[in-house]
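Undergrad:
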Amino acid sequence: MKRYLGVKHIKDDTYQLNFRPFKKSKRVFRRVKAESHKAAFAKLSEIIAETRKIKNPEIGQRENETFDEIFPTFERNIIADNLTKKTIYGLKRVYKRLFNEFRLKRFPHVTTPAQLGLPFFLEYKSYYGVELKHPTGLESEFGRVVCIMNRLRKLRYCSESIIKDMREIKIPQSPKKDYPEITDSVIKVFLTVVKRLRPDLYGPIYFMLRTGRRVEETTLIERKDVIWEGVRPVKVKVRAETTKMRRVAPLNYLDPDLEAHIRQAYQKSNNRHSPYLFLNRLNKKCSQRVITRFLGDLSEEVLKVRITSHYFRHRFCTECGKANLPLIDVMAISGIKDVGILTRYYSHSTNEGLSKVLESTRLM
Numbered sequence: 048m049k050r051y052l053g054v055k056h057i058k059d060d061t062y063q064l065n066f067r068p069f070k071k072s073k074r075v076f077r078r079v080k081a082e083s084h085k086a087a088f089a090k091l092s093e094i095i096a097e098t099r100k101i102k103n104p105e106i107g108q109r110e111n112e113t114f115d116e117i118f119p120t121f122e123r124n125i126i127a128d129n130l131t132k133k134t135i136y137g138l139k140r141v142y143k144r145l146f147n148e149f150r151l152k153r154f155p156h157v158t159t160p161a162q163l164g165l166p167f168f169l170e171y172k173s174y175y176g177v178e179l180k181h182p183t184g185l186e187s188e189f190g191r192v193v194c195i196m197n198r199l200r201k202l203r204y205c206s207e208s209i210i211k212d213m214r215e216i217k218i219p220q221s222p223k224k225d226y227p228e229i230t231d232s233v234i235k236v237f238l239t240v241v242k243r244l245r246p247d248l249y250g251p252i253y254f255m256l257r258t259g260r261r262v263e264e265t266t267l268i269e270r271k272d273v274i275w276e277g278v279r280p281v282k283v284k285v286r287a288e289t290t291k292m293r294r295v296a297p298l299n300y301l302d303p304d305l306e307a308h309i310r311q312a313y314q315k316s317n318n319r320h321s322p323y324l325f326l327n328r329l330n331k332k333c334s335q336r337v338i339t340r341f342l343g344d345l346s347e348e349v350l351k352v353r354i355t356s357h358y359f360r361h362r363f364c365t366e367c368g369k370a371n372l373p374l375i376d377v378m379a380i381s382g383i384k385d386v387g388i389l390t391r392y393y394s395h396s397t398n399e400g401l402s403k404v405l406e407s408t409r410l411m
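The sequence shown begins at 48 in the working numbering and counts up one residue at a time.
Now the structure itself:
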C-alpha cells in the first residue's frame, strides 16, 4: 500500500491537500489545481507557510507578555514542581542572566519569548563562554537554558519550533577534572590524621570513601533510614541524587566493617537525640561546606594535592573499574543510576590500569 503523504490526486488536474499547520492542530483539507504531483506538493508548502504567518495557535493568548511579566509565573511553576532549593536557585539565576542581562545588552528589541530565535541562543553561547569567561560550564548552562525554554513552552509562551532549533547548537562536553592517583597506604595515613584532628568528620568521610556516595547524600542520612536485622544494621535508605532528581537509591548491603561504623555513629546520634546519623562536634548535622573545606586544607598539607569530598566518589568508581568489578554492583553501592554517567564522569584512566592492559596483551 502506497504511503499517503498529504497530496492526493482526485481527477485530471485536481489534487486534494491534507495537512496540519501546527502540531496537534486540526487537519486542513483543501483542493487545488496543479499540473503535476510535484507542483501540488509545492503549493502545499506555500499554503502551510502562509498559514503559519497568520498566527501560531500553539502559543495561545500569552504571546505579548514580557519576560518580566512572565517571571512570577515561571517561578511558581518551578516551585510547584517540588525541585530542590539548589535547582530552583540555578534556574532563576540563569533566567535573569539570559533574559535580563544578556537580552538587554545584545537583543533589546526582543521583548517576549515568542520573538526568540536560534541567533539569540547562538549569541548567548558566545557571550557566556567568551565574555563571562566560563568556557567549561557551557554544557551545564545550556542544560538549564533548555529546561527554562521547555517550561515556557508548556506554559504556552513560545512554540516548540524554538526547542527543535536549539538542539542544533553544538555544546562542547565539559572536560574531566584531574584525578590524583593516591595509593591506599597514603589514604590510610590521611584518614588517621582526619580521625585524630576531627573525629566527628571521620564518620561521613569514611562512609564516602567506602561507598562512593555524595557528600549531600551522606550528611542527610537519618537514624530512621538505617534498617536493622536484630542488632545488625543491614541496609541504609540513602536518598540518592538529592541535589538533582530526588531519586532513592538504598544501600542494600553492608559488610562487617561498615556495619560497625554505622552502629557507632547511630549510637552517638541516639545519645544526643538528633535525627541525623552523622553529627559534628556541636552534635548537629554535618555541614557539606565544612567537610569540603576541611578536606581541601588538610589534603594540601598532608598529601600535597588538594582534594574535595567528591574525590572519594571518583576514587571509588575508578578503583572498582581497575579491579574489573561488575558495573551493576558498582552502581548499586554508589547510587549511580546511569551507566553512561558512570563511564563518562566517574571512571578515569590510571597508570596501573594502563599497565594491566599492556600486560594482558603481551605475548608470553
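Glycine included, each C-beta is placed from N, C-alpha and C at the ideal position.
Tell me K55's beta-bridge partners as DSSP assigns them.
TA: Counted from its first residue, the sequence shown places residue 55 at position 8. Answer is Q63.
Undergrad: Looking at the strands, I want to know which residues DSSP matches up with E276.
TA: Here the question's residue 276 lines up with position 229 in the sequence shown. In DSSP, E276 forms a bridge with R279.
Undergrad: Excluding the 5 residues flanking G259 on each side, which residues of the same chain have their C-beta closer than 7 Å to its C-beta?
TA: Position 212 of the sequence shown, counting from 1, holds the residue named residue 259. Excluding sequence neighbours, G259 sits near F359, R360, F363, C364, I380 and S381.
Undergrad: Does DSSP put L151 in a helix, in a strand, or in coil?
TA: Taking the sequence shown and counting its residues from 1, one reaches residue 151 at position 104. The answer is helix: DSSP assigns L151 an H, G or I state.
Undergrad: Cα-Cα, which of D225, I229 and K315 is closest to Y393?
TA: Stepping through the sequence shown from its first residue, residue 393 is reached at position 346. Cα-wise, what sits closest to Y393 is D225.
Undergrad: Is L345 near the ligand GTP, judged by its Cβ being under 7 Å from some heavy atom?
TA: The ligand content of the structure shown is nil, which means the ligand GTP is not present either.
Undergrad: In angstroms, rounded to a whole number, what distance separates the CA positions of D272 and D212?
TA: For the purposes of this step, residue 272 is taken as residue 225 along the sequence shown, with counting starting at 1. For the purposes of this step, residue 212 is taken as residue 165 along the sequence shown, with counting starting at 1. One C-alpha to the other measures close to 45 Å.
Undergrad: Could you check which residue in Q314, R319, N318 and P280 has the C-alpha nearest to that of D304?
TA: Your numbering for residue 304 matches position 257 in the sequence shown. Among Q314, R319, N318 and P280, the Cα nearest to that of D304 belongs to P280.
Undergrad: Spatial neighbours of A312 within its chain, please: CB distance less than 6 Å, with the 5 preceding and 5 following residues excluded, ordered by chain position.
TA: Here the question's residue 312 lines up with position 265 in the sequence shown. If we look at A312 and ignore the five residues flanking it on each side, its Cβ neighbours are G250, L324 and F325.
Undergrad: Should S41 be labelled buried (16 or more other beta-carbon atoms within 10 Å of its own) or exposed?
TA: Residue 41 lies beyond the range of the chain shown here (48 to 411); nothing can be said about it.
Undergrad: Between which two residues does the beta strand (DSSP E) harbouring F76 extend?
TA: The residue labelled residue 76 in the question sits at position 29 within the sequence shown. Its beta strand (DSSP E) spans residues V75 to K80.
Undergrad: Go ahead and pull the three-state DSSP assignment for I269.
TA: In the sequence shown, the residue the question calls residue 269 occupies position 222. It should be noted that the sequence gives Glu, not Ile, for residue 269. Note: E269 maps to strand in three-state DSSP.
Undergrad: What's the C-alpha gap between V157 and E366?
TA: On the sequence shown, residue 157 is found 110 positions in, with the first residue counted as 1. On the sequence shown, residue 366 is found 319 positions in, with the first residue counted as 1. Each residue's alpha carbon lies about 51 Å from the other.
Undergrad: To the nearest angstrom, how far is it from the Cα of L179 to the Cα of I117?
TA: As a working mapping, residue 179 is identified with position 132 in the sequence shown. As a working mapping, residue 117 is identified with position 70 in the sequence shown. In a straight line, the C-alpha of L179 is about 25 Å away from that of I117.
Undergrad: Taking all protein chains shown into account, decide if M196 is buried (16 or more other Cβ within 10 angstroms of its Cβ) or exposed.
TA: The residue labelled residue 196 in the question sits at position 149 within the sequence shown. Label assigned to M196: buried.
Undergrad: Would you kindly work out how many angstroms separate the C-alpha atoms of R286 and I95, rounded to a whole number?
TA: As a position in the sequence shown, residue 286 is number 239, starting the count at 1. As a position in the sequence shown, residue 95 is number 48, starting the count at 1. Straight-line Cα distance between these residues: approximately 50 Å.
Undergrad: Label Y175 either buried or exposed according to how many other C-beta atoms from any shown protein chain fall within 10 Å of its C-beta, with 16 as the threshold for buried.
TA: On the sequence shown, position 128 is the one that residue 175 refers to. Per the 10 Å Cβ criterion, buried.
Undergrad: Consult DSSP for L8 and reduce its assignment to one of helix, strand or coil.
TA: Since the first residue shown for the chain is 48 and the last is 411, residue 8 is missing from the structure and cannot be characterised.
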